[in-house]
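S.K.:
Numbering (the working numbering), first residue to last: 176 to 438.
1) Ignoring anything shorter than 3 residues or poking outside the segment 306 to 341, list the beta strand (DSSP E) runs there in chain order.
2) Using C-beta distances below 6 angstroms, list every residue in its chain close to residue 254, excluding the 5 sequence neighbours before and after it, in chain order.
3) Looking at the secondary structure, which residues open and close the alpha helix (DSSP H) in which residue 373 lies?
4) Based on Cα-Cα distance, which residue from 290, 279, 243, 383 lies nearest to residue 320?
5) For residue 162 and residue 415, what's the separation of their Cα atoms in angstroms?
6) Is the separation between the beta-carbon of residue 335 and that of residue 195 shorter than 8 angstroms?
7) Is it true that the CB of residue 340 sits closer than 8 angstroms to the CB of residue 372?
8) Since residue 406 contacts residue 327 with CB under 8 angstroms, what's their CB separation in whole angstroms?
9) What is the rounded straight-line gap between the Cα of residue 213 and the Cα of residue 324?
10) Please report the straight-line C-alpha distance between residue 161 and residue 330, rounded to a whole angstrom.
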């Protein structure tokens with residue numbers, strides 16, 4: 176058995192995150208919370224799980240949800256310990272809900288949003304999301320998180336992850352300095368630097384959470400299964416900017432290793 180760190184994650188889990196850019200936490204929140212969350216999401220969409228003839232769109236996007244099931248799901252003791260382990264104790268803001276929710280329905284239609292990308296960290300007040308920015312310090316974002324509110328199998332539109340891609344993105348961001356790059360600049364070559372990365376599917380039972388490095392390249396895909404997929408894709412927000420007086424977090428160690436910086 177792997178030796179556990181003081182934070183509750185094993186050293187093997189932390190090492191996996193640093194090397195590969197993500198960890199999978201099964202049972203991170205309870206199935207009852209997942210069910211309550213789905214009920215609220217169905218209500219918000221004005222749709223019913225018992226009326227599949229009304230599922231007309233391949234994807235319905237719901238914004239930030241602040242209901243109790245979502246707050247509780249984001250703040251379990253296990254997740255708090257994991258946030259501490261990866262971001263640093265006291266260096267993240269307690270989530271006050273979850274979102275966005277791209278609810279994906281079984282459909283032969285192209286959802287129109289499948290494509291490799293990283294999630295932006297700052298500059299999100301610009302109406303053109305391709306002008307949103309990311310820098311090598313990951314200002315404005317501590318983690319990318321995937322919360323599964325339904326069981327997700329290989330046919331149920333699981334998010335595709337390029338394993339270890341965060342390292343290539345860190346190298347790409349380094350020359351851009353504090354200002355970073357826009358999403359458009361990062362995507363200009365279709366993320367060619369990560370094309371050889373192994374692909375992993377974010378599958379799991381309801382209550383599973385993937386905690387991902389902010390630079391991890393990922394993609395949506397069409398739903399070819401039978402039941403709608405409910406997943407939240409929120410950031411974990413940092414409490415402040417990078418503080419060089421503090422020991423580097425797992426997120427920062429991954430970046431430093433990628434760019435050849437001494438730890």
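The beta-carbon is built from N, C-alpha and C at its ideal position, and this holds for glycine as well.
M.R.: Here's the rundown:
1) For the beta strand (DSSP E) assignment, the uninterrupted runs of no fewer than 3 residues enclosed by the segment 306 to 341 are, from N- to C-terminal side, 318 to 323, 335 to 337.
2) These residues qualify, in order along the chain: 203.
3) Premise fails: residue 373 is in no alpha helix (DSSP H) and is neither H nor E.
4) Minimum Cα distance to residue 320 is reached at 383.
5) No answer is possible for residue 162: it lies beyond the span of the chain, which begins at 176 and ends at 438.
6) With respect to residue 195, residue 335 sits apart: the two C-beta atoms are not nearer than 8 angstroms.
7) Their beta carbons are under 8 angstroms apart, which means residue 372 touches residue 340 by this criterion.
8) A Cβ-Cβ distance of about 7 angstroms is found for the pair residue 406 and residue 327, placing them in contact under the 8 angstroms criterion.
9) Rounded to the nearest angstrom, the gap between the Cα atoms of residue 213 and residue 324 is 7 angstroms.
10) Residue numbering for the chain in the displayed model covers 176 to 438; residue 161 lies beyond these limits and cannot be assessed.
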